[in-house]
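For the sequence shown, full-length UniProt numbering begins at 1 and goes up steadily by one.
See structure below.
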Amino acid sequence: MNDGEIPIIAKTNELYKIYYQYLQLFPKKDKYALGNKCEMYIIATIELLIEAGSAPKEQKLALLKKANVKFDALKFFLRAAHDLKILDNKKYLLLQTHIQEIGRMLGGWQRSLTSF
């Protein structure tokens with residue numbers, strides 16, 4: 001993690017690095033559809049988190065809500081990849097560990113902006 005980097009961004013970047021390795025193992029027909037869809041949702045979440053990190057306080061919550069929507073879509077499509085046996089249990093559980101932690105961090109950040 002770089003100095004000044006927001007922890008949730010660092011954690012989401014870790015998720016991306018792990019997922020990127022797994023994406024290389026996807027069957028070709030799934031890699032360019034479902035695989036790329038998941039990758040794009042991770043990237044979109046990172047972009048929104050970076051934007052929220054540098055946005056004025058009054059704009060942060062709206063950006064975090066958008067990030068949460070992208071993140072929820074990512075969870076749905078990763079679950080689909082697991083259900084379709086594209087991701088085995090071990091890989092899926094490792095991704096889920098990161099997803100759960102990121103979800104807690106995202107929820108906490110949102111609550112911190114609404115509890116004043």
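We treat Cβ as the ideally placed atom computed from N, Cα and C, and that holds for glycine.
Small disclaimer: the values here were computed from a predicted structure and weren't measured.
Integer-rounded CB distance, given that K11 should sit under 8 Å from E101: Working through the sequence shown from its first residue, we reach residue 101 at position 101. Working through the sequence shown from its first residue, we reach residue 11 at position 11. Right, their Cβ atoms sit about 6 Å apart.
Close beta carbons around K57, own chain, < 8 Å, minus the five adjacent residues each side: Walking along the sequence shown from the start, residue 57 turns up at place 57. The residues are L113.
Secondary structure, alpha helix (DSSP H): runs of 4+ residues fully inside the UniProt domain "bAvd-like" (10 to 112): 36 to 54 and 57 to 83
Cutoff 7 Å; reference F77; Cβ partners in own chain excluding five residues on either side: Taking the first residue of the sequence shown as position 1, residue 77 is located at position 77. Excluding sequence neighbours, F77 sits near L34, K37, C38 and Y41.
Secondary structure of I8, DSSP reduced to three states: Counting from 1 along the sequence shown, the entry for residue 8 is found at position 8. Three-state result, I8: helix.
Beta carbon of L64 nearer than 8 Å to that of L15: By one-based count along the sequence shown, residue 64 stands at place 64. By one-based count along the sequence shown, residue 15 stands at place 15. The answer is no: Cβ separation not under 8 Å.
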